[in-house]
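Protein chains in written order, with the working numbering: chain A, 104 to 218; chain B, 160 to 270. C-beta atoms are modelled at their ideal positions from N, C-alpha and C, and glycine is treated no differently. From a predicted model like this one, the values you see are computed outputs, not experimental measurements.
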């Protein structure tokens, strides 16, 4: 596609439910990033993939958060037993490759509300 | 440690007047710095980036930023604000594969 897409755009979950958020990066982009953006804050890094390898997951806030990219393209961010503090916009970004001068392209985000 | 501080959470300017959005950074290394813009319900868009070439960086839509090492600053400017510039602006420092975002500055343009 022309850009990074994410689905769903909006998700409402009851506390304790599991959710799965999908990211479709730009075709051919090797690097993929997940960010969490709380209301009124800047995005915060969660995790990074290069192809199917998860090279950095230092930003994941707890073991309830899990991300995968099994075939090196689409990625899923899963949150188990959601809590109210998980309410945020989850952003996905992709980059052509590991080269630092390449731009990160962001998707529109998934707004998660946990009731 | 790498971080950025955006000194103003809200900036309001009249249409046609200059824009100044302030950013100070902290980095143990020669930094890569970026400005992103976020319009409501749209994805983050890169305005410009500094990667140790020219200290004055020109971006899209008439924006530019100057890297000042002595002041550890990377302020974003535009000579004349347009209504379409109203958005949230983020200053970002990159370290490795991690991008560290500031808390954002909301720009309001008054007609």
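{"query": "Neighbouring residues, chain B, relative to residue 107 of chain A (Cβ below 8 angstroms)", "result": "202"}
{"query": "Cβ contact check for the segment 192 to 206 of chain B and the segment 240 to 251 of chain B: 3 or more pairs under 8 angstroms", "result": "yes"}
{"query": "C-alpha gap between residue 253 of chain B and residue 188 of chain B, whole angstroms", "result": "10 angstroms"}
{"query": "For residue 183 of chain B: DSSP bridge partner residues", "result": "B/164 and B/232"}
{"query": "6 angstroms CB neighbourhood of residue 151 of chain A in its chain, flanking five on each side removed", "result": "136, 158 and 159"}
{"query": "Candidates B/250, B/210, B/239 and B/228: closest to residue 220 of chain B by CA position", "result": "B/239"}
{"query": "Buried or exposed by the 16-neighbour rule on C-beta atoms within 10 Å, applied to residue 185 of chain A", "result": "buried"}
{"query": "Residue 153 of chain A in three-state terms, based on DSSP", "result": "strand"}
{"query": "Buried/exposed call for residue 215 of chain B, threshold 16 Cβ in 10 Å", "result": "exposed"}
{"query": "Close Cβ partners of residue 116 of chain A (< 6 angstroms) along its chain, the five nearest in sequence each way excluded", "result": "122, 185 and 217"}
{"query": "Contact set between the segment 127 to 139 of chain A and chain B, restricted to residues whose Cβ is under 9 angstroms from the partner", "result": "134, 136 and 138"}
{"query": "Chain B contacts from the segment 139 to 158 of chain A (Cβ-Cβ distance under 9 angstroms)", "result": "140, 143, 144, 145, 146, 147, 148, 151, 153 and 158"}
{"query": "Minimum C-alpha distance to residue 164 of chain A - residue among A/172, A/127, A/107 and A/191", "result": "A/191"}
{"query": "Cα-Cα separation between residue 209 of chain B and residue 180 of chain B, rounded to whole angstroms", "result": "16 angstroms"}
{"query": "Nonlocal neighbours in the same chain, by C-beta distance under 7 angstroms from residue 125 of chain A, ignoring five residues either side", "result": "109, 110, 177 and 179"}
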